[in-house]
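Using my numbering, the first residue of the sequence shown is number 1126, and each one after it goes up by one.
Glycine is no exception: its CB is placed at the ideal position from the N, C-alpha and C atoms.
As the structure is a prediction and not an experimental result, all values here were calculated from the model.
Below is one structure, written out as structure tokens, with a few remarks after it.
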Amino acid sequence: IEFYIPPLEFCSDNAAMIARAGMELLKKGIDDGLMLEPVPNLFEMNEIIVSS
């Protein structure tokens, strides 16, 4: 079993690590098959109530 430990400077941001893993899969032509659509805002800005 190969085991790789990246330098500590590359271990602090989970989103960056996920993006890097995705980039490596994409470079290899591996597709997850998901087709995601954008999700519109669930509320309008004028519905936000700010209490003081």
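Where do the N-terminal and C-terminal ends of the alpha helix (DSSP H) with Lys1153 fall, by residue? First-last for Lys1153: undefined, no H or E at that position.
Leu1161 versus Phe1128: straight-line alpha-carbon distance, rounded: 32 Å
What is the rounded straight-line gap between the Cα of Gly1147 and the Cα of Leu1133? 20 Å
Could you have a look at Met1160 and say whether DSSP puts it in helix, strand or coil? coil
Under three-state DSSP, which class holds Ile1143? helix
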